[in-house]
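Take a look at the structure set out below.
Residue numbers (the working numbering): 436 to 555.
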């Protein structure tokens, strides 16, 4: 019989307390369990499993963070290149060219004229 339900979320604070209890437990050299589910071997395996899971989670998070950083850099690099291409296109073909429009920019002649309002 389990002492904890499968749906129970154990907080990091509680896990820290459990680890402290486990470390204290390792000093109990005369401990003999009547229940095999609470034996020293099971406790050692549970502790090792926790540490392995923590290592996997940390490593996976680090890899995910690195991938996110690489993605952000790739996006910045592409954006930088595209902005440069747009500026070069204006310089090479002129601000009113079809090539400028092909890049998704407005031709200079298609921009709305900003004028002063009438006084009155």
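Cβ atoms here follow ideal geometry from the backbone N, Cα and C, with glycine treated the same way. Predicted model, so just to flag it, every value in this text is computed and none were measured.
Closest residue to residue i among the options (Cα-Cα distance)
i	options	result
residue 451	437, 532, 473, 482	482
residue 461	498, 476, 449	476
residue 463	479, 484, 496	479
residue 529	511, 469, 542, 518	542
residue 489	549, 441, 447	447
CB-CB length for residue i against residue j, believed under 8 Å
i	j	result
residue 521	residue 540	6 Å
residue 547	residue 531	About 15 Å; that fails the 8 Å criterion.
residue 513	residue 524	Contact doesn't hold; Cβ gap of about 16 Å is too wide.
Cβ-based burial, residue i [other Cβ within 10 Å; buried from 16]
i	result
residue 535	buried
Same chain, Cβ closer than 6 Å to residue i, neighbours up to 5 away in sequence not counted
i	result
residue 457	482
Close-in-space but distant-in-sequence residues of the same chain around residue i (CB under 8 Å, 5 per side omitted)
i	result
residue 439	445
residue 485	450, 454
Same chain only: Cβ atoms within 7 Å of residue i, ignoring 5 sequence neighbours per side
i	result
residue 459	none
residue 487	none
Subject >> Runs of alpha helix (DSSP H) lying entirely within the stretch 437-475, each at least 4 residues, in chain order >> reply: The stretch 437-475 contains these whole alpha helix (DSSP H) runs: 447-460.
Original post:
Residue ranges of each alpha helix (DSSP H) run of no fewer than 4 residues wholly in the stretch 482-550, ordered along the chain?
Top reply: 533-537
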